[in-house]
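Inspection log for the structure reproduced underneath, given as C-alpha cells.
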Amino acid sequence: MGALAAIALSSCNPQEEMHTETDHSDFQWQVDRFADIKVLRYQIPSWDDLTPQQRIYAYHLTQAGLAGRDIMWDCNYRHNLEIRRALEAIISSESVDKESAAYADFEVYAKRVFFANGIHHHYSNMKFAADFDQDWFLQTLSDLGIELSEEAQRAIFDPSFDAKKVNRADGVDLLLASAVNFYAPDITQAEAEEFYAAKEDADPARPVSHGLNSRLSRDENGEIYEEVFSARGRYASSIKEIMGHLAKAQAVAENEDQAKALGLLIEYYESGDLTKWDDYNIAWVSTTGGDVDYINGFVEVYNDPMGYRGSYETIVQVKDFDASARMAVVADNVQWFEDNSPIMDEHKKESVVGVSYKIVTVAGEAGDASPSTPIGVNLPNANWIRVEHGSKSVSLGNIEDAYHASAGKGMAEEFGFSTMHNERAEKYGELGSKMHTALHEVVGHASGKINPGVGTPKETLKNYSSTLEEARADLVALYFILDDKMQEIGLMENKEAGYAEYDNYISNGMMLQLRRILPGDDIEEDHMRNRQLVASWAFERGQEENVIERKVIDGKTYFVVNDYDKLRGYFGELLREIQRIKSEGDFEAGRMLVETYGVKVDQELHAEVLRRSEPLNLAPYSGFVNPEMEPVMEGDSIIDVKVTYPMDFLGQMLRYAKNYSFE
Ligand SMILES: [Zn+2]
Numbered sequence: 052m053g054a055l056a057a058i059a060l061s062s063c064n065p066q067e068e069m070h071t072e073t074d075h076s077d078f079q080w081q082v083d084r085f086a087d088i089k090v091l092r093y094q095i096p097s098w099d100d101l102t103p104q105q106r107i108y109a110y111h112l113t114q115a116g117l118a119g120r121d122i123m124w125d126c127n128y129r130h131n132l133e134i135r136r137a138l139e140a141i142i143s144s145e146s147v148d149k150e151s152a153a154y155a156d157f158e159v160y161a162k163r164v165f166f167a168n169g170i171h172h173h174y175s176n177m178k179f180a181a182d183f184d185q186d187w188f189l190q191t192l193s194d195l196g197i198e199l200s201e202e203a204q205r206a207i208f209d210p211s212f213d214a215k216k217v218n219r220a221d222g223v224d225l226l227l228a229s230a231v232n233f234y235a236p237d238i239t240q241a242e243a244e245e246f247y248a249a250k251e252d253a254d255p256a257r258p259v260s261h262g263l264n265s266r267l268s269r270d271e272n273g274e275i276y277e278e279v280f281s282a283r284g285r286y287a288s289s290i291k292e293i294m295g296h297l298a299k300a301q302a303v304a305e306n307e308d309q310a311k312a313l314g315l316l317i318e319y320y321e322s323g324d325l326t327k328w329d330d331y332n333i334a335w336v337s338t339t340g341g342d343v344d345y346i347n348g349f350v351e352v353y354n355d356p357m358g359y360r361g362s363y364e365t366i367v368q369v370k371d372f373d374a375s376a377r378m379a380v381v382a383d384n385v386q387w388f389e390d391n392s393p394i395m396d397e398h399k400k401e402s403v404v405g406v407s408y409k410i411v412t413v414a415g416e417a418g419d420a421s422p423s424t425p426i427g428v429n430l431p432n433a434n435w436i437r438v439e440h441g442s443k444s445v446s447l448g449n450i451e452d453a454y455h456a457s458a459g460k461g462m463a464e465e466f467g468f469s470t471m472h473n474e475r476a477e478k479y480g481e482l483g484s485k486m487h488t489a490l491h492e493v494v495g496h497a498s499g500k501i502n503p504g505v506g507t508p509k510e511t512l513k514n515y516s517s518t519l520e521e522a523r524a525d526l527v528a529l530y531f532i533l534d535d536k537m538q539e540i541g542l543m544e545n546k547e548a549g550y551a552e553y554d555n556y557i558s559n560g561m562m563l564q565l566r567r568i569l570p571g572d573d574i575e576e577d578h579m580r581n582r583q584l585v586a587s588w589a590f591e592r593g594q595e596e597n598v599i600e601r602k603v604i605d606g607k608t609y610f611v612v613n614d615y616d617k618l619r620g621y622f623g624e625l626l627r628e629i630q631r632i633k634s635e636g637d638f639e640a641g642r643m644l645v646e647t648y649g650v651k652v653d654q655e656l657h658a659e660v661l662r663r664s665e666p667l668n669l670a671p672y673s674g675f676v677n678p679e680m681e682p683v684m685e686g687d688s689i690i691d692v693k694v695t696y697p698m699d700f701l702g703q704m705l706r707y708a709k710n711y712s713f714e
C-alpha cells in the first residue's frame, strides 16, 4: 500500500462566530474581554455521569497536561518565561497601585501575553506592541527587586527585535525570520534542511517524525544537534512531572488498552525515542473502548515554520454518547465518500482504514490547546500509522457549544445579505458548521493518497503544506455537505444547512475574517490563508456566470451566492487540483495557488470590514479559562474529584503559575 494522505496539521481553528443559537441557561459564558480577545468558559455537562474512578483518571490526565505548560511558553520564544515571571510579580504584588492608569495599560499587555503563551500573538504571530509606560514598568520591577535581562527588555520594547514568532513569507529564510525557540537563533533554513536530508530511516515506509520533540541547537564547535525533550534532556523537570501524573492516571485507567498506551507514553517521555512515540500512537489509536480519552505530547507542527517540531499540548475528553451515536454514520460511510470524491481515481484510497469519530466534551486543556483551542482534532499525524492503524477524530462539542452560545447576532445581522439569509443562518447555521467540522475532520483529512515515491507534504510543499492541507479538508467538507448522501444517511433533512454553510464560508473567506488582521498586513495564518484561497478562487472561477455576486448596497459590500450547485462544482474542481498537488508534491503549483489567492488582502474591503465590525465591539478571537478540578481526599488517597468553573482569567493564570512552574 502506498503512502496515503492526511498528513499532519490536523487541528482546526474555530470558524468565525456568525451563527447564533439557543442556549437559554443562565450560565455566564464570557468572563473577560480585552484587546482583540474575549475569554469564555465551557461546561463539562457529562462530569456527573462519570464514576469517581473515571473522574480521578481525568484529573490525573489534566494535571499531566498542566505540568507541561512552561514548555509551551519556552518553545514559543526563548525569553517568554523570564518575561512572564516579571509580569506575574507585578500583578501579584500588593505594593503596586492597581488603580493607576499605567497599571491598567500594563494589565492589558499582560493579559494578551498570558492568552498567547508568550509575547507574540497566538494567531497572527506578530509581537504585541508594548502600549504601556516603559519607565513605570522598569521602576516597578526595580521596586520589587526583579531584574529583567537587557535582551528580555529589548524583546518587550523594541518592535523590530524578534518581531514575528513564525514567519512563512515567500522568499525569507524561514528560521532566521522566525523568533520561535525550536531552533537556536542563528541556525539557517539551509542548515536545518541539510541536517534532516541526511537523516535515514531504518524502514523508509515507516519514517519516524524527525525533529518532533527537540530543539535544533549548536554546540561549541558550531555543529548542529538535536536537544531532545525528555526526562534525560531538555525540559526534564517538567517532563518528570508529566510522567508522574501519567503514572497515576495509568493506575486508574478504565481498561488495559489505556494502561498499556500510557505505559508507552511514559517510556517515550523517559527516553525521547521517537520510535516509542510511534509505538505509543499505534496503541493510542486502537484504544477506543473507554469513556475518557486524551491527547498528550508534542503534537501539532504549526508553530514550526519548517513543520518538524510539535508544540506541547493536552486535551482531556469525555465521550458525548448521544452526539457520537448521531455522527457515527459519517465514519461508517467514509469509504463511500472516498469512492465518490471528485479527486482523480489514482489519488483515491482503496480502503480508508479505521477512522474513529467521536463528539467529545472537553474536561481540560493545556499547552498549545489553551487558552485558545481547536474545535476538532484528528490524530495521529504520522501518515503511515494512519494508513496502517487508522486515526481518531474528535469534535470538541462543548467548546463549539460555548462559541455558539456566546456569539451575539451582531455580525450575522450586519453582514448577512437579506432577511432570508439571516433567518437561514439562524435556523441552520449551527447544524451547517457542525456538519462541516465532521466532514472536514473525518472525511477530509483521511482522504486521498500520495503517489509512490513522492515525499511527505512537509518535504514537497514546505511552508505551503499546512495551508493546502486545510484547504483540501475544507473542500471535501464543502463538496459533500450539499451531496444527497447527507440526507440519505439521515444527517440533514434538507439542503438548507449546506446553503447556510456556503453563505457563511464565502462571506467569511472573502471578507469577515479580515477583521482579525491589521490594516496593511498580509494574511499569515494557515487556516485564514486557506479560507481566502478557497473563497476567492471560487469567486474568480464563477465570475463570468455570476455564481458568487459582489453586491454593494448603501456602501456595504456583500458576497452573495447565486448558484449553489455551480459553486459546489467549483469546490470539486479545486479539490481535485489541490489533491493532485499533494499527491504529486507539486510545490510550484501549490505556491502559486496560495500566493495568488490566499495571502494578499483587498485593502479597501479590509477597511470596510473593520469599519463595519468596530461598533459591534466583538472580539475576533476567543479562548477559554479551564474548569478547575479539586480532589476529594480520604487520608492520602483521592476518592473523587470536584469541578468548579472559575470566573477570573488572570486569577487562573496566576494559579497555574503557582502550581505548575517547572522550568
Ligand atoms: Zn483541519
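Quick note: the sequence shown uses the working numbering, first residue 52, plus one each step.
Ideal Cβ placement from N, Cα and C applies to all residues, glycine included.
Treat the numbers as computed from the prediction; the structure is a model and nothing was measured.
In terms of Cα proximity to GLU292, the closest of PHE246, ALA528, PHE165 and LEU117 is LEU117.
By alpha-carbon distance to ASN354, the top candidate from VAL343, GLY541 and PHE233 is PHE233. The C-beta distance from GLY641 to LEU542 rounds to 32 angstroms, too long to fall under 8 angstroms, and the pair is not in contact. Inter-residue distance for VAL494 and SER634 is about 17 angstroms (C-alpha atoms, whole angstroms). When the beta-carbon positions are compared, ILE568 and SER175 come within less than 8 angstroms of each other.
Counting only the Cα atoms, ALA334 lies some 19 angstroms from ASP254. The shortest C-alpha to C-alpha distance from ALA161 to any of PRO96, ALA137 and MET684 is the one to ALA137. Taking 7 angstroms as the cut-off, one finds no heavy atom of ligand 1 near enough to the beta carbon of ALA522.
Note that the region 518-537 touches the region 563-582; at least 3 beta-carbon pairs, one per stretch, sit closer than 8 angstroms. In this structure, the CA atom of PHE280 is about 24 angstroms from the CA atom of THR507.
The beta carbons of ILE95 and ASN449 sit closer together than 8 angstroms. Counting only the Cα atoms, ALA298 lies some 14 angstroms from ALA282. The DSSP-derived three-state label of PHE212 is coil. Proximity of the beta carbon of HIS472 to ligand 1 is not indicated: no heavy atom of the ligand is located closer than 7 angstroms. If you look at THR412, you'll find it in the beta strand (DSSP E) that goes 406-418. Of all alpha-carbon atoms in HIS491, THR365, VAL336 and THR239, the one lying nearest the alpha-carbon of VAL438 is that of VAL336. Taking each of GLY467, VAL650 and SER407 in turn and checking the Cα distance to GLU492, the smallest one comes out for SER407.
Boundaries of the alpha helix (DSSP H) around ASP383: 372-383. Comparing alpha carbon positions, the residue from GLU245, VAL350, PHE85 and TYR319 closest to ALA287 is TYR319.
By the neighbour-count criterion, in which a residue is buried when 16 or more other Cβ atoms sit within 10 angstroms of its Cβ, ASN613 is exposed.
Per DSSP, reduced to three states, the secondary structure at GLY427 is strand. The region 446-488 is shown to contain no whole beta strand (DSSP E) run of 3 or more residues.
Out of PHE700, MET704 and ASP616, the CA that lies nearest to the CA of PHE85 is found in PHE700. In the displayed model, GLY506 falls within coil according to three-state DSSP, outside both helix and strand. Within the same chain, ILE293, HIS296, LEU297, ALA300, ASN347 and THR365 come within 7 angstroms of ALA115 by CB-CB distance, once the 5 residues on both sides are set aside. Taking C-beta separations shorter than 6 angstroms and ignoring five residues to either side along the sequence, the partners of SER673 in its chain run LYS89 and LEU91, following chain order.
In summary, GLN594 is exposed, with fewer than 16 beta-carbon neighbours lying within 10 Å of its beta-carbon over all protein chains present. Boundaries of the alpha helix (DSSP H) around THR191: 185-194. Our two residues, VAL603 and HIS455, have alpha carbons roughly 28 angstroms apart in a direct line. 8 angstroms or more divides the Cβ of LEU316 from the Cβ of SER260. Take LEU529, set aside five residues on each side of it, and the residues of its chain with a beta-carbon closer than 6 angstroms to its own are PHE622, in chain order. At the C-beta level, VAL660 and MET680 stay beyond 8 angstroms of one another. Contact between the region 207-226 and the region 165-180 is established, with three or more Cβ pairs separated by less than 8 angstroms.
Within the same chain, and ignoring the five residues on either side of GLY461 in sequence, the residues whose Cβ sits closer than 7 angstroms to its Cβ are LEU667 and LEU669. Contact between VAL411 and ASP452 does not hold, since the beta-carbon distance rounds to 12 angstroms and is not under 8 angstroms.
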